[in-house]
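In what follows, a single structure is set out as structure tokens and then discussed.
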Amino acid sequence: MHRESAIRNTVAVAAAAAIIAGAGMASADPNIQTPGVDDGVPNCAVLNARAAAGYIGTGAPQPSRPMDENFAHPPRDWCNTDVGYSRLSFGPKGATFSVPPTVQGLFPYNNAELLAKPVFEPGQTMAMRVTGTQQIPTWNGTTGWGISNRSIDPLGLEVAWFMWNGSAGFMGQASQLLTTPLFHAFAQDMPRGFFMMVKKAGTLLPQIVLLDPKLLANPHDYSIKLDKEYVNFFVDGHNVGTFRDAPIGTWHDISGGPVPLLGQMWLDSSYWFPLPIPEFNGRWQSVDLARYRQGPSATTPLTF
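Heads up: take any position in the sequence shown, counting from 1, add 1096, and you land on my numbering.
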């Protein structure tokens, strides 16, 4: 019922593709997350032993430190988890995440994604200026930005992010009709549309609160302030949600390896509830991350 719980299927597809294609060390479309560089940014190369242990992060997390990135050029402190025929580009608009029309990206899953290598910790604030989202409400797929520990263990997964999950197709309509009562039984909103999602390791059910999708019609500064107990969400400096049981970043995978929190943003072409279902789209879709900042909450502004 959340995005990362279904990454197992993506990893399996990508691994099979790598075997079939006999992939080497250099990356090219379709990206299947083997070591190499794609669109100017190193692959996170998540197809490794850590994936089997339940972790699909950067591979080599760096100590937490302040960051301020405008993405005018391919960034040094980030890696990509692109899959399929998606694209990343960098320039005056920042980082642009693009996914092709279905007929131009014939792959089970197309995903454009960036992960920050320096970890994110309680006591810090993350701010992201997100633009180019005007057409997202008519896109069949998901996009999101915020915090995750990149665990694919449903119990160990931690997130605190803004997310769009949309589908004009049959599965979107059917899932909303059939599962909305279940979410309401747990006093949660159905994760379809634009929403905030929070989950702490050791719990199975995320906390979900819907946001007005009209926010996507304009650029905004989205911020997340993480404390040891609470996490606060802001849009243009205004608080839009406060959640208890915040992520803390201390989980370990089954190999004993750490699973820290980090900043990320993505755009993909699948509807993510109840399963990662590839959707049809007749156009290119893109979103932009114009600026990213993280640092101690006492000194990190909520807006740019």
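Glycine residues also receive a C-beta, built at the ideal position from the N, C-alpha and C atoms.
So, with DSSP's three-state summary, where would you put residue i?
i	result
Q1200	helix
K1321	strand
I1344	coil
K1310	helix
P1191	First, the residue type needs correcting, since residue 1191 is Ala and not Pro in the sequence shown. Of the three classes helix, strand and coil, the one that applies to A1191 here is strand, per DSSP.
A1119	With a pLDDT of only 39 at A1119, under 50, the local geometry of the prediction cannot be trusted, and the value read off the model is given with reservation. Of the three classes helix, strand and coil, the one that applies to A1119 here is coil, per DSSP.
P1277	helix
What is the rounded straight-line gap between the Cα of residue i and the Cα of residue j?
i	j	result
G1118	V1327	Note that G1118 scores 37 on pLDDT, short of 50, meaning its location in the model is unreliable and no value can be drawn from it.
F1186	L1202	24 Å
G1298	M1222	24 Å
M1163	W1260	25 Å
I1243	S1319	10 Å
G1136	F1167	12 Å
V1331	I1304	17 Å
A1394	W1174	24 Å
P1214	I1373	31 Å
F1258	P1126	27 Å
A1149	A1156	15 Å
P1343	M1293	11 Å
N1236	C1140	26 Å
G1153	P1277	34 Å
V1142	Q1231	30 Å
E1189	Q1284	Reading the sequence as shown, one finds Lys at residue 1189 and not Glu. Computed Cα separation, rounded: 35 Å.
Q1220	P1392	4 Å
L1210	S1351	25 Å
N1314	A1212	25 Å
L1307	F1329	11 Å
D1249	N1206	22 Å
F1216	L1358	5 Å
L1385	Y1181	19 Å
Q1381	V1199	13 Å
S1247	Y1151	5 Å
G1262	P1197	16 Å
W1362	T1238	8 Å
N1245	A1270	30 Å
G1353	R1172	24 Å
S1130	V1195	Checking the sequence shown, residue 1130 turns out to be Thr, not Ser. Distance between the alpha carbons of T1130 and V1195 is about 20 Å.
For the alpha helix (DSSP H) containing residue i, name the first residue and the last one.
i	result
A1145	A1145 to A1149
The beta strand (DSSP E) with residue i in it runs from where to where?
i	result
Y1326	Y1326 to V1331
R1183	R1183 to G1187
L1385	Q1381 to P1392
L1358	L1358 to D1364
G1132	That residue, G1132, is in no beta strand (DSSP E); it is neither H nor E in DSSP.
D1164	M1163 to E1165
V1046	Summary: the structure shown does not reach residue 1046, with the chain confined to residues 1097 through 1400, and so no result is reported for it.
W1174	W1174 to N1176
K1296	Unbroken run through K1296: none, as it is neither H nor E.
So which of the options has the shortest CA-CA distance to residue i?
i	options	result
D1349	P1138, A1141, V1133 and R1146	R1146
T1338	G1352, K1295 and L1363	K1295
Q1390	V1383, D1384 and L1398	L1398
R1183	A1256, V1133, D1308 and Y1151	V1133
G1240	L1251, F1193, V1215 and I1344	F1193
L1312	G1228, Q1360 and Q1158	G1228
E1254	H1316, Q1360, V1142 and P1138	Q1360
G1252	G1289, P1309 and V1355	V1355
N1377	A1264, A1156, A1212 and T1154	A1264
A1281	L1301, F1291 and W1347	L1301
V1383	P1170, V1226, P1374 and L1307	V1226
E1325	P1218, Q1381, R1288 and P1159	P1218
P1309	G1289, G1180, D1317 and L1322	G1289
D1317	Q1200, L1363 and F1400	F1400
Y1367	A1256, P1233, I1248 and T1177	P1233
P1204	T1396, S1160 and D1364	D1364
D1323	N1335, D1341 and L1306	D1341
P1138	T1238, I1248 and A1208	A1208
R1387	H1169, Y1151 and R1161	H1169
A1447	W1347, N1176 and G1180	In the structure as shown, the chain begins at 1097 and stops at 1400. Residue 1447 is therefore absent and cannot be evaluated.
I1128	R1161, V1179, S1160 and P1171	V1179
G1345	T1130, R1172, P1159 and P1171	P1159
M1224	G1333, R1161, F1291 and E1375	G1333
Verify the contact flag: residue i, CB atom, against every heavy atom of the ligand MN, threshold strictly below 7 Å.
i	result
L1253	Annotation note on the ligand MN: not contained in the displayed structure, which lists no ligands.
When the cut-off is 8 Å and only beta carbons count, does residue i lie next to chain B?
i	result
M1293	Any reference to chain B falls outside this structure, which holds one protein chain only.
Secondary structure, beta strand (DSSP E): runs of 3+ residues fully inside the stretch 1197–1266: 1207–1212, 1220–1227, 1237–1244 and 1255–1262
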